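In the UniProt record's numbering, the protein residues as written are 1 to 649. One structure below.
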DNA sequence: GTAGGGTTAG
């Protein structure tokens, strides 16, 4: 009864089938098709595509002597899944005969690519279709909905001959992607029958919009699970996961405990509402997110039915707390580790800085996917092995894996680390051509440009962001201006940010204070520092004190800076002493410079910077004997002068 | 081989 609409749609498709020519059925008799070499190859092809091995799939496709429409469709589907629309289109144009599935595939391909040009082409092809089935309509409706074009989605929804649950789900999801909770719920209520998939769509969208109470209310209202509805446990699992994401572990557990377990009664024969492995995994994930590893482990140990997801969840939990011993132990124990298990282990090793072992695991993987590459590249970037990251990035492309926004975000950070504007610009072009930039991509571009001295380009990226700019984006731009000495611009942008009610973070204030330091604004600096504490309730950190020391020092208020260091509630770190030492050099205060240099040398005995600064100070003042003794001391302590620190300036 | 929805990796 709950699948009424699904049944309706099946009837639709079945009714339309006779009008659609299916090539393989007419080309060869059915009885020997199943065992035919063609069918065997088709199965192999779809298996390769399912496991993401696209280049192997293409090799097989190219080597096949006979191909039917299913062969072509499978290959097209592989490219569509990977958003390689040009390749998909080429095959679509080349194929000898197209059926409705071929058309649906290519239309769906265009709609899942970003950019209005693609959407228009998808729509054009939809209009050109010789036959349309329910899937064709739903593809276009969901395509518009995901691209924020709810006007078109609704227009087509109203124009389609008969709806099924999928049509409704696509519209509901579309509303919720746009944050339109009211319309989503309203639309859900117009459905004559609610099946679990619509309920899932609604609940997961409500959770994304932070509407947990509303989601719980609707779940209660739609039945407590024992009234014959299909798989209502899906909807429960959605909400359990949603509570987990928002940190409401107790509510999640109440819901979980409310689902009957298998051993609650002996009524096994009848299919009914029960906990399944996803319920267990979702509940386990709640504990993982809350950092409650003991509870997660307890649940895992109690589970009767185990799947890879359960193992992977627990592995990722140990990875998150950096317990690689336990993570590796589980990895070895699990019956068949999959690509997710490998990726988690690689990520954990990279996070611990063990790049060699991470790389070793990476190379031993039976099959890598895009995330494997992203994980290892991000690992190299975070550990500042930029050359290694670039090498992997080229290898990835040689192996036919296309970078996505995560890859690009990492390699843009690599170009920042290398201060390589040329590379950064090339990557920026790649971004423009291949992905719809999101916040992390824009933020890494802004940081890259400003670190590479191209503040105008940073500003262009910032201004071209059409949608909402998150606080990290603002921080990146304000920080860029501040480090460039463009204090007025930094402070102006900060004002604008506050006017737009974007809540600043402690990082924003580090940049604001740096801007004040560059501009010599002592009063303004203090004012901002106090405003941070009093207006925004942000606890000052040692970084803020370092900026204040810098502000005072640059203005020659060295004793005030020293007093601040002595009274601040933190142990001064190298940034604090570095700021003081730099100021002492500018204002030729040898006495305090020695204090700062001494502290710096204690913190970082191997660093040559304080020695070089002291040397240059003495040299500047013409005190060559003292300068020479610094050099000798450095030799004695076996400190090597690092590139980038000049003996002259 | 195609449209929507629940848990795990970057």
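Every residue gets a Cβ at the ideal spot worked out from N, C-alpha and C, and that includes glycine. For clarity, every value in this text was computed on a predicted model and none was experimentally measured.
A contact is defined here as three or more CB-CB pairs under 8 Å, and the stretch 407-416 meets this definition with respect to the stretch 426-446.
By the Cβ criterion, the stretch 95-107 is not in contact with the stretch 416-436, since fewer than three pairs of Cβ atoms, one from each stretch, lie closer than 8 Å. Put simply, the backbone Cα of residue 345 is about 13 Å away from that of residue 333.
Note on geometry: alpha-carbon atoms of residue 41 and residue 384 lie some 45 Å from one another. The shortest CA-to-CA distance from residue 182 to any of 211, 245, 234 and 110 is the one to 211. Selection 564, 203, 611 and 543 evaluated against residue 639 yields 611 as nearest (Cα-Cα). Per DSSP, residue 611 is one residue of the alpha helix (DSSP H) stretching across 609-620. Ranked by Cα distance from residue 169, the first of 359, 143 and 161 is 143. By a beta-carbon distance limit of 8 Å, residue 549 does not contact residue 570. Their separation comes to about 11 Å. Inclusion of residue 286 and residue 249 in the CB contact set at 7 Å is warranted, their separation being smaller than that value. Annotation for residue 406: the continuous alpha helix (DSSP H) segment containing it runs 405-417.
The DSSP-derived three-state label of residue 284 is helix. Contact between the stretch 319-326 and the stretch 300-309 is absent: fewer than 3 CB-CB pairs across the two stretches fall below 8 Å. Residue environment: residue 43 is assigned as exposed (fewer than 16 neighbouring CB atoms within 10 Å of its CB, all protein chains considered). Burial state of residue 237 is buried, judged by a 10 Å Cβ sphere holding 16 or more other Cβ atoms. When DSSP states are grouped into helix, strand and coil, residue 524 belongs to the helix group. Counting only the Cα atoms, residue 110 lies some 7 Å from residue 121.
Taking C-beta separations shorter than 8 Å and ignoring five residues to either side along the sequence, the partners of residue 180 in its chain run 150, following chain order. Considered as a whole, the stretch 305-352 harbours 308-320, 324-333 and 339-351 as its complete alpha helix (DSSP H) runs of no fewer than 4 residues, in chain order. Taking a C-beta distance under 7 Å as the contact criterion, residue 202 and residue 214 do not qualify as a contact pair. Between residue 252 and residue 244, the beta carbon gap of about 5 Å places them in contact (Cβ cut-off 8 Å).
With contact defined as three or more Cβ pairs closer than 8 Å, the stretch 127-143 and the stretch 160-169 are in contact.
Annotation: residue 49 to residue 506 spans about 46 Å, alpha carbon to alpha carbon. It is roughly 13 Å from the alpha-carbon of residue 509 to the alpha-carbon of residue 551. With a beta-carbon spacing of about 15 Å, residue 79 and residue 67 fall beyond the 8 Å limit used to define contacts.
Membership of residue 79 in the alpha helix (DSSP H) is indicated by the continuous run 69-81. Here the C-alpha atom of residue 284 lies approximately 29 Å from the C-alpha atom of residue 184. Residue 313 and residue 231 have their C-alpha atoms some 23 Å from each other. No Cβ-Cβ contact shorter than 7 Å links residue 547 with residue 589.
No residue range can be given for residue 190, since it is assigned to no alpha helix (DSSP H) and is classified by DSSP as neither H nor E. Between residue 55 and residue 400, the C-beta spacing is below 7 Å. The beta-carbon separation of residue 338 and residue 374, rounded to 17 Å, does not stay under the 8 Å limit for a contact.
Here residue 428 is buried: its Cβ has 16 or more other Cβ atoms, across all protein chains shown, within 10 Å. As the crow flies, the alpha-carbon of residue 360 is around 11 Å from that of residue 376.
Here DSSP, grouped into helix, strand and coil, assigns residue 453 to coil.
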